[in-house]
Structures are given as structure tokens and as C-alpha cells.
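Add 26 to a position in the sequence shown, counting from 1, and you land on the number used in this note's numbering. Let me begin by presenting the structure, written as C-alpha cells, before commenting on it.
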Amino acid sequence: MKNFDSRTYSINDFVEWDERKQLEIAPKFQRRSVWSPQAKSYLIDTILRDKPLPKIFIRSITDPKTRTTLREIVDGQQRTRAILSFVHDGFRVSKVHNEEYGGLKYSELPEQVQAEFLKYEISVDLLLDLDDRDVLDIFARLNTYSIALNKQELINAKYFGYFKQFVYKLAGDYLTFWKENGIFTDRRIMRMAEVELVTDLVIAILDGIQSHKSAEKYYQLYDESFDARKQVEERFHATIDLIGNLFDNGLGDTAFRNVPIFYSMFLALYHMNYGIKGLDAPRCAITKREYPKVKNALEELDSILTSEEVQPEHYEFISSTRGATADVPARRTRSEFISRMIFENLES
Numbered sequence: 027m028k029n030f031d032s033r034t035y036s037i038n039d040f041v042e043w044d045e046r047k048q049l050e051i052a053p054k055f056q057r058r059s060v061w062s063p064q065a066k067s068y069l070i071d072t073i074l075r076d077k078p079l080p081k082i083f084i085r086s087i088t089d090p091k092t093r094t095t096l097r098e099i100v101d102g103q104q105r106t107r108a109i110l111s112f113v114h115d116g117f118r119v120s121k122v123h124n125e126e127y128g129g130l131k132y133s134e135l136p137e138q139v140q141a142e143f144l145k146y147e148i149s150v151d152l153l154l155d156l157d158d159r160d161v162l163d164i165f166a167r168l169n170t171y172s173i174a175l176n177k178q179e180l181i182n183a184k185y186f187g188y189f190k191q192f193v194y195k196l197a198g199d200y201l202t203f204w205k206e207n208g209i210f211t212d213r214r215i216m217r218m219a220e221v222e223l224v225t226d227l228v229i230a231i232l233d234g235i236q237s238h239k240s241a242e243k244y245y246q247l248y249d250e251s252f253d254a255r256k257q258v259e260e261r262f263h264a265t266i267d268l269i270g271n272l273f274d275n276g277l278g279d280t281a282f283r284n285v286p287i288f289y290s291m292f293l294a295l296y297h298m299n300y301g302i303k304g305l306d307a308p309r310c311a312i313t314k315r316e317y318p319k320v321k322n323a324l325e326e327l328d329s330i331l332t333s334e335e336v337q338p339e340h341y342e343f344i345s346s347t348r349g350a351t352a353d354v355p356a357r358r359t360r361s362e363f364i365s366r367m368i369f370e371n372l373e374s
């Protein structure tokens, strides 16, 4: 006998089941975690934008005597709780997630939006009349094929506020740039490598060069507000535009497509125009007239990085491009070396 079935149900179906006491949201099969208001708001924004949600697993138990069916949420409890709570005006959508409907409860949304919300369909795998042992066996089999989350993916799953939304939008603005310049492949982008890089760059813009181990601190610190976002965004865009102007044919055939080298080149160029806190290197604003001088500096750097023979005066710099490239000393050594070379060419 078939013991599972894949279906879709509307949010209104879940609301009706809950009102009829035919829905049980019990923590038997999942950890009893409590979602933050930001996490709940992000979920509701996903629905309002008509984007897909992960599948929910429901154990369906039918009583033949009463001809009633009890639906027990075994995976997706927090999502279900958040949706039902929103329908009953339990919280408001955050403006960080949705400018149009931010600050509104469900009953305050336009009627058409309320109707569309209730019609939103959720993919469900029904587990039909299975006992606890069978349910646990199914989840053990599903988890066998799960890929362990990396650090950036874990941060993504934990934070939903201003800093996350800012960094993810900024990284997304340059998807074509990352791929066309050979900095990240589609596979690495799927694992959020470009978000990790942009996170590190934004942190350096804010507070100077840091270890990536400090990344989560900034997601937490600026979860509720991030006042510097406008200035950071403008300067980030300007620096990427500058890189585009300096590399007419892209980065694909240069050492600068390498992530640690790109990180330091970006910060060196940013330092020239705006300054990086704690970076021990002189600076001078780069005007369009001086692009040829900067190009010469970067071409010389590329030759140093790709040369088989390392000159004694370049040894520390080359060492910082190998091994623990994300450590603060290595990042600082690279960024200061590149900054000095650019400055020397500008002053020549």
C-alpha cells in the first residue's frame, strides 16, 4: 500500500484545518526552536512575492470510525506556525523585507493581496497512516543525501535582517560580473561564495580588514538597522565600476580573478579613493586621467603574481597569496602591497 503522496495545499486549507482542530503542530519530530520576528517576516515576504517555499511533511492519520483525518506537521512546524500567526494578525511584515507592505498586519493588507495570500499553494508530502518508527526512518533516509551547510549558508539560515538583505542584494547585483570574470562558477555561487566575498569586503569597508570568522558578528550587529548602507552601496558600486574600467578585457586571464587577490585589489582601490581603516599605506584619489598609471601598476602586479621566479622584495607578498589567505595578516600584507604599488605609479 502506498504510504506517501505529494500534493499542494493552499494556505487557506491550513487555516481551515487549524480552525476545525484537524491540524496538530507538535514538536515530536523536530527541535523546539523559536523563530525571530525577522525570520517570520522574511517567510511572509516570500509568500507575498509568490516565491516557492521548501516542502512541508505532514503525517495524515484517518480514523475510519469517525471518518475524520488528523494532519500532524512533522517537518515545517515553524513555517506553519508563522503563517497561521500572520493570518491571525500575530505580527507585521518588516520594512526591510517589503517596502510596500512593511509595517502591516494581515488584516491591513489590501483585500486582493489577502486573497492571493490565502490562495498561495504549499508543496506537501503526505505520510499516510505511518507510525513513528516509519516516519523517523524516512527522515533518516532523506538526511543521508543532505549536503552539510558551509559557514555562509549557516549564517544565511540564521539571520534575516538589514545586513543580510543588504549584502545579498549587493552580491546579486554582480552575478554577471562574478561569472564573466571567472571569479566564481555557478556551482560556487550556489554555495553562496559570492555572498561570502561581499560580506568580507563590506566588513573591511566598515571597520578595516577582519578575519571571516568575525562575519557573523556583523550580521547580528546590523540585523535590526544598518544606517551606513547607502554610503557603502554607492562606494562599492563605484569601486566595481573602476575595476571594470581598468580591465577592458575582464579579469579572466589575470591573477586578479583569484578570490584572495581580488579581495585585496578591491580594498586597495577603495583605499585610494575613500580610505580603509588601519591600512598602513599612502593613498591618493584616482581620477579618470590617471587610469593608465593604475593599469600599469596592476599589470606589473599580475606579472609578479604569475612569474615562476620570486624576487626577494616580493617574497612576503607572494607568501600572503598562498596558504592561509583569509587570515588577517595575509589579507593586510596583500592589500598594503597593492596599495603601495598603485600609489607609487600615481606619484610617478
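By construction, the Cβ of each residue, glycine as well, lies at the ideal position given by its N, Cα and C atoms.
- The count of Cβ pairs closer than 8 Å, one atom from the region 153-168 and one from the region 111-130, stays below three, leaving the stretches out of contact.
- DSSP, reduced to helix, strand and coil, places D115 outside both helices and strands of the structure shown, so it counts as coil.
- Cβ contact annotation for F30 (same chain, cutoff 7 Å, sequence separation greater than five): D151, L152, L153 and L154, in chain order.
- Looking at the backbone, the Cα of D39 and that of I164 are separated by about 25 Å.
- Residue pairing for F30: DSSP places it in a beta bridge opposite L153.
- If you look at F343, you'll find it in the alpha helix (DSSP H) that goes Y341 to S345.
- Rounded to the nearest angstrom, the Cβ distance from Q64 to D249 is 7 Å, consistent with a contact under 8 Å.
- It is roughly 6 Å from the alpha-carbon of W204 to the alpha-carbon of F210.
- When DSSP assignments are scanned along the region 197-245, the uninterrupted stretches of alpha helix (DSSP H) that are 4 or more residues long and fall wholly within it turn out to be 201-206, 212-216 and 219-233.
- In this structure, DSSP gives T94 an extended state, which the three-state scheme calls strand.
- The beta carbon of E220 lies closer than 6 Å to those of A197, W204 and F210 in the same chain, with the five residues before and after it left out.
- Distance from the CA atom of I312 to the CA atom of R105, rounded to whole angstroms, is 50 Å.
- Non-local C-beta neighbours of H123 in its own chain, meaning closer than 6 Å and more than five positions away in sequence, comprise S67, Y68 and D71, ordered along the chain.
- Approximately 7 Å separates the beta-carbon atoms of R261 and Y296; this is inside 8 Å, confirming the contact.
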